[in-house]
Structures are given as C-alpha cells and as structure tokens.
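Participant:
Numbering (this note's numbering), first residue to last: 17 to 562.
Written out as structure tokens, the structure reads:
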C-alpha cells in the first residue's frame, strides 16, 4: 500500500510544486519511499508496483545506492552544495553555474555518477537534472511567448532541485507512420485538446521515455525532428508527476533475469527501462506549462535546454568506453592472447576511442562560454555526439571479436557450486592465471556488455539517443566555419601555377564554357561562413528518429 505519511507523494503537493516539505539531496531510503505513489505502470499486461516487482529490484536498489553516495563522508562535498536559505544541501546536478568553479564542480559530480554506474545508466538522474538547468537558462525566451512560462520554468528548477527529483523526458512521437504527420492524423503526436484558464488537457502518446518507472516526473518537450509543427495544438512543453491521473506507463520487456543463476552483473542492476507514455486526456495545470503553440521557440530551445545534459552524456560515454576497454583487456589476458599483434591492434583501437572521448571533454571545457541566459556552459557537443553514435557500436564489435566463442559458453553460479561439475570446470574452463570462477564472471560481464539483450539495448541506445545521425552530421557540417581555409584555396586556384625556369606558356588561354564558368562562380558563396545557422525544416524533418 502507498505510504500516506510522506507529504511528497501527495498528488496535490506535486501538482502545486510546493517547497514546504523539501528535503534537499535524497538518501537511498528516501528515494525508495518517494516511489510509493499511485503511478500506473504496466509490464507484460499486468499493472505492477515499482516498489515491489522483482524485475525492478536491481535498478531500484542500485539507484538507492547511488543516492546514498551523496551523503557519504568521502563524497558529500563533491556531490552536493549548501543552500543559503535552507538547512539542507542540494545536488550539484542542479547547480546553475555562474563561474568556472561552479561548472567544474558540476562536472566532478557528473563523473562520480557515471563512474559509479560504469557508464551504464544513460538516464542517471544527473542527466535530466541538467536539462532542467537548461530550462531555467531558457526562461527569458519562454517569457517572450508568455511571461508566466518564464516564471514556471524558474520555479520548476527550484522545485526539482530542492526535492532532488529523478526525471524522465518524453520528446519523440509514436512510431506509427513516419511518412505522414500529425496534420494528417492527430494520433501521430501529443496534442492539446482543451485549454482553460486553469490549464490544458493533452491527449496522445510519447516515446521513448527512459527510466520512467523509477522517475518522479516527466518533462515533455520536443526534439528538433518533431518541433516544427504545422498546427499549434501539437506544440507543448510541460511537466507532470508520474502519478498524474490518465498517464499510463507501458514498459518494454524487463532485461534483468532473476529466474536463474547465470550471472548478469550489469543487466541485473542497470536495466533502466524504457516506456511508452499514454496521455489519456491528462490535465496539466497552468503552473506546469513552459511553452504552447510556438514552434520556432520550441525548435530553437532544444539545444539550449541540452547545453549541459549533452555534455553529461559525453561523460557517460567516456566511462562506458573505459569499462569496455578494461573488460576487453582482461578478457584477452584471461585466454592468453593479449600479446598477439592483431589483438593488441584492436585493444589500441579501443584505447583510441577512450582517449578521443577524454580529449573531447577537455576541449568542450576549454570552449566554455556564457549563454544568453547568463550561465556558463561547455562548448558544443555536436561533433563528439556524432562520434559516439558511430563508434559505440564498433567498440562492442571489438569486444565480441576478442571474446569469441567464450562469450557463449560459460558456467552459471549453480554450475560452479555443483560438486559433480566442479573438477571439470577447474580443469577445462579456467584461464591463463585466472580461476574458473573469476573467468566465468568476467566473460559474463562481457556478454552483458555486447551480446545479451541488455547489451544490444545499450548499443541501440548509443546509436539513437542523440537523434538521427545523418541529421547531426548535416548540422555539424553546416556549422563548421570553412571561410578562412576556403578563401585561401580560392586564392590559390585563381592564378596560374608557376612554371619551371626556362619554360613559357605560348598557348592561348582556355576559355571556360558557360557551365564551368557557372560552377566557378558558385565556389565563393559556397565558402562563406556557416556559423550556427538553424537547420531548415526540410533537414530537420528527417523523421527517421527513434
């Protein structure tokens, strides 16, 4: 039964976004208690309680462990910061960075979240907390649409920070017919069906809301692919408690497998779940609306909202690559192939990805700048984002190649404990300088990372979570400043090349025909600066996303 003694789990308290029972940084137990509400979660055709279902026990407990780190003697100062007008501390995840020291403190905190989850939790609470930082930073633009939207954005940040909320987001349309749009079929996108002075009623669905069963709130906004709507009722940014009446959360298959003793060290703890969200005429109070009807502001706001969270995503990718490299090296050692030239080449390739991710983080830190909202933000993540989407898959492929058939055939914990099998396992399934117990668990870890359904989900996520790869490459190309080098090349090819001494050119100059002249004349405008132009709706309209 729901814990009625916890004021925070009251729906009225949440909808009003009150602060009178704020507690600051969550402990593990406080987090678990906060999930005991009336959210409607569905798994395999059954309505389930997140606080009780065994499929959710692994991540539920792991999240509690991560939250407890904030209160450990060793990490409290690194992960939280004091609040001037309260006795509690709040997570650095919600810090609004005004200077270098505050921004560095944010990233130190983000590294701790990602390092302590092996880079396996893309929607660790630190990620979405930084989206809320972006929402706060964008409040002036939202206020231009409606002054109340700016006020709402600022208060939402305070509400989330002082309660240390875990948030999911819903930014994609349901995958029904990507060749069509909501103007032709209303069910293709979430929409406002009614508006009153008190708020709006929304109907439709959103995908893919990662971490939904374990979140307190859902933040609804729109990826660039879906932002440029033809009709205004399909444009809305808002936030809702996960227990909002009419909100149904349908989860995909759980990837943790508690029914046997085959080791799944990552899947058993880090299956963060993905869900479809169905909004069956859900009421959104006016104080929880951040934007209505304005496609242009929604389109331009995506990067602003994600200025910090996308950097957090790169921190996670770095720690995921570190984990993959370490496991790959230990797998190679365990079967005696780490000295082979081909194997060393593959390990070197993996190390390249780790170093590229590390150096990208340093470069984006170096290019930090002041936003229009006055906060300090890292440089653009667009280049590293495309890199991660492309090479994350290759990293998994290398680990599969190194582990080979050993990834398929490893004993379970029950096998290891069976007297009849134990002598055979010790003799035939040990490794080089490693006993059968540790070798089997190491290979099961590699299996989790690359072959199991959990590993395949992580790989698919890495490919798509930053949006369509082709779209991002186009945006990166269009934003890259080619003007200086382009002008130098144009100057170079505009005069005849010098001839060797003693040789003269006697032939008449070649006359360019009209098509060649036209092509030459097109060179100069093609090389003009392309600094941060917005992508056209046609480019952003590539709807092969998620």
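Even for Gly, the Cβ is constructed at its ideal location relative to N, Cα and C. Predicted, not measured: the structure shown is a model, and the values here were computed from it.
#1: Determine whether the beta carbon atoms of residue 206 and residue 250 lie at a separation below 9 Å.
#2: In the DSSP assignment, find the unbroken alpha helix (DSSP H) run with residue 58 in it and report its ends.
#3: Would you report the Cα separation of residue 134 and residue 192, rounded to the nearest angstrom?
#4: Leaving aside the five residues before and after residue 427 along the sequence, list all residues of the same chain whose C-beta is less than 8 Å from its C-beta, in chain order.
#5: Can you find the residues in the same chain that come closer than 7 Å, C-beta to C-beta, to residue 196, ignoring five residues on each side of it along the sequence?
#6: Does the separation of the CB atoms of residue 6 and residue 164 fall below 9 Å?
#7: Pull up the distance between the alpha-carbon of residue 364 and that of residue 480, whole angstroms please.
#8: Do residue 376 and residue 157 have their C-beta atoms within less than 9 Å of each other?
#9: Hey, out of 425, 312, 369, 449, whose CA is closest to residue 354's CA?
#10: With DSSP run on the structure shown, which of helix, strand or coil describes residue 90?
#11: Is residue 233 helix, strand or coil by DSSP?
#12: Return the CA-CA distance between residue 73 and residue 284, expressed in angstroms with no decimal places.
#13: Buried or exposed: residue 511, going by 16 or more other Cβ atoms within 10 Å of its Cβ?
#14: If distances are taken between C-alpha atoms only, which option among 171, 187, 405 comes closest to residue 304?
#15: What does a CB cutoff of less than 8 Å around residue 33 pick up in its chain, not counting 5 residues either side in sequence?
#16: Are the CB atoms of residue 113 and residue 378 nearer to each other than 9 Å?
#17: Residue range of the beta strand (DSSP E) that residue 39 falls in?
#18: Name the residue from 28, 94, 460, 138 whose alpha carbon lies nearest to the alpha carbon of residue 344.
#19: From the DSSP output, in three-state form, read off residue 558 for me.
#20: Which runs of the alpha helix (DSSP H) spanning at least 4 residues fall entirely within the stretch 122-187, listed in chain order?
#21: In chain order, what residues of the same chain have a beta carbon less than 7 Å from the beta carbon of residue 328, not counting five sequence neighbours either side?
#22: Please confirm if the stretch 311-330 is in contact with the stretch 264-279, defined as three or more CB-CB distances below 8 Å between the two stretches.
#23: If you check the beta carbons only, do residue 286 and residue 470 fall under 9 Å apart?
#24: Could you check the C-alpha separation between residue 80 and residue 273 for me, to the nearest Å?
#25: Is residue 30 buried or exposed, if buried means 16 or more other CB atoms sit within 10 Å of its CB?
#26: Could you tell me which whole beta strand (DSSP E) segments of length 3 or greater appear in the stretch 281-308?
#27: Return the chain-ordered ranges of every alpha helix (DSSP H) run that is complete within the stretch 433-491 and spans a minimum of 4 residues.
#28: Taking the alpha-carbon positions, what's the residue 184 to residue 149 distance?
#29: By the DSSP assignment, the alpha helix (DSSP H) with residue 348 in it spans what residues?
#30: Which residue comes first and which comes last in the beta strand (DSSP E) that contains residue 106?
#31: Would DSSP call residue 273 helix, strand or coil?
#32: Just to confirm the assignment, what range does the beta strand (DSSP E) spanning residue 259 have?
#33: So for residue 405, helix, strand or coil by DSSP?
#34: What is the rounded straight-line gap between the Cα of residue 223 and the Cα of residue 139?
#35: Is the beta carbon of residue 289 less than 9 Å from the beta carbon of residue 53?
#36: How many Å lie between residue 307 and residue 106 at the Cα?
Facilitator: Taking the definition as stated:
#1: On the chain shown, residue 206 is found 190 positions in, with the first residue counted as 1. On the chain shown, residue 250 is found 234 positions in, with the first residue counted as 1. Contact flag set, yes.
#2: Residue mapping note: residue 58 aligns to position 42 of the chain shown, counting from 1. It is not in any alpha helix (DSSP H) - residue 58 instead sits in the beta strand (DSSP E) that spans 56-59.
#3: Looking up residue 134 in the chain shown gives position 118. Looking up residue 192 in the chain shown gives position 176. So the two alpha carbons sit approximately 35 Å from each other.
#4: Position 411 of the chain shown, counted from the first residue, corresponds to residue 427. Cβ neighbours of residue 427 beyond the five flanking positions: 437, 441, 445, 452, 456.
#5: For the purposes of this step, residue 196 is identified with residue 180 of the chain shown, where counting begins at 1. Spatial neighbours of residue 196 in its own chain (CB-CB distance under 7 Å, excluding positions within 5 residues in sequence) are listed in chain order as 204.
#6: Any property of residue 6 remains undetermined from this structure, which presents the chain solely from 17 to 562.
#7: Reading the chain shown from its first residue, position 348 is the one you call residue 364. Reading the chain shown from its first residue, position 464 is the one you call residue 480. Rounded to the nearest angstrom, the two C-alpha atoms are 26 Å apart.
#8: As a first step, residue 376 is located in the chain shown; it is residue number 360 there, counting from the start. As a first step, residue 157 is located in the chain shown; it is residue number 141 there, counting from the start. No, these two residues do not count as a Cβ contact at 9 Å.
#9: The sequence position of residue 354 within the chain shown is 338, counting from 1. Nearest C-alpha to residue 354: 449.
#10: Against the chain shown, residue 90 aligns to sequence position 74. Annotated three-state conformation of residue 90 is coil, per DSSP.
#11: Walking along the chain shown from the start, residue 233 turns up at place 217. The answer is strand: DSSP assigns residue 233 an E or B state.
#12: The sequence position of residue 73 within the chain shown is 57, counting from 1. The sequence position of residue 284 within the chain shown is 268, counting from 1. Near 9 Å, if we compare the C-alpha coordinates of residue 284 and residue 73.
#13: In the chain shown, the residue the question calls residue 511 occupies position 495. Classification for residue 511: exposed.
#14: Residue numbering aside, residue 304 sits at position 288 when the chain shown is read from its first letter. When the alpha-carbon of residue 304 is set against those of 171, 187, 405, the nearest one is in 171.
#15: Along the chain shown, one-based indexing puts residue 33 at 17. Once the five neighbours on either side are set aside, the close Cβ partners of residue 33 are 171, 172, 175, 303, 304.
#16: Along the chain shown, read from residue 1 onward, the residue named residue 113 stands at position 97. Along the chain shown, read from residue 1 onward, the residue named residue 378 stands at position 362. Contact check for residue 113 against residue 378 fails: the beta carbons are separated by 9 Å or more.
#17: By 1-based counting over the chain shown, the position of residue 39 is 23. No beta strand (DSSP E) holds residue 39; DSSP gives it neither H nor E.
#18: The residue you call residue 344 lines up with position 328 of the chain shown. Minimum Cα-Cα distance from residue 344 among the listed residues 28, 94, 460, 138 corresponds to 460.
#19: Taking the chain shown and counting its residues from 1, one reaches residue 558 at position 542. Since pLDDT at residue 558 reaches only 39, below the 50 mark, its modelled position is unreliable, and no value is offered.
#20: If we require 4 residues or more, the alpha helix (DSSP H) runs fully inside the stretch 122-187 come out as 141-153, 155-161, 163-179.
#21: Here residue 328 refers to the residue found at position 312 when the chain shown is read from its first residue. Residues of the same chain with a CB within less than 7 Å of the CB of residue 328, apart from the 5 flanking positions on each side, are 126, 142, 143, 146 in chain order.
#22: In this structure the stretch 311-330 does not touch the stretch 264-279; the number of beta carbon pairs closer than 8 Å is below three.
#23: Position 270 of the chain shown, counted from the first residue, corresponds to residue 286. Position 454 of the chain shown, counted from the first residue, corresponds to residue 470. Inclusion of residue 286 and residue 470 in the CB contact set at 9 Å is warranted, their separation being smaller than that value.
#24: As a first step, residue 80 is located in the chain shown; it is residue number 64 there, counting from the start. As a first step, residue 273 is located in the chain shown; it is residue number 257 there, counting from the start. Distance from the CA atom of residue 80 to the CA atom of residue 273, rounded to whole angstroms, is 20 Å.
#25: Against the chain shown, residue 30 aligns to sequence position 14. Within a 10 Å sphere around the beta-carbon of residue 30 sit 16 or more other beta-carbons, which makes this residue buried.
#26: Complete beta strand (DSSP E) runs here, min 3: 291-301, 305-308.
#27: Listed in chain order, the complete alpha helix (DSSP H) runs (minimum 4 residues) inside the stretch 433-491 are 438-444, 452-466, 469-480.
#28: The sequence position of residue 184 within the chain shown is 168, counting from 1. The sequence position of residue 149 within the chain shown is 133, counting from 1. For residue 184 and residue 149, the distance between alpha carbons rounds to 14 Å.
#29: Here residue 348 is taken as the residue at index 332 of the chain shown, counted from 1. It spans 325-350 - the alpha helix (DSSP H) in which residue 348 sits, taken as one unbroken run.
#30: Reading the chain shown from its first residue, position 90 is the one you call residue 106. According to the DSSP assignment, residue 106 belongs to the beta strand (DSSP E) that extends over 105-107.
#31: As a working mapping, residue 273 is identified with position 257 in the chain shown. Coil, per DSSP.
#32: As a first step, residue 259 must be located in the chain shown, where it is residue number 243. In this chain, residue 259 is not harboured by any beta strand (DSSP E), its DSSP state being neither H nor E.
#33: Residue numbering aside, residue 405 sits at position 389 when the chain shown is read from its first letter. DSSP places residue 405 in helix when its eight states are reduced to three.
#34: Working through the chain shown from its first residue, we reach residue 223 at position 207. Working through the chain shown from its first residue, we reach residue 139 at position 123. Distance from the CA of residue 223 to the CA of residue 139, rounded to the nearest whole angstrom, comes to 14 Å.
#35: The residue given as residue 289 occupies position 273 in the chain shown. The residue given as residue 53 occupies position 37 in the chain shown. Between residue 289 and residue 53, the C-beta spacing is not below 9 Å.
#36: On the chain shown, residue 307 is found 291 positions in, with the first residue counted as 1. On the chain shown, residue 106 is found 90 positions in, with the first residue counted as 1. CA-CA distance, residue 307 to residue 106, rounds to 27 Å.
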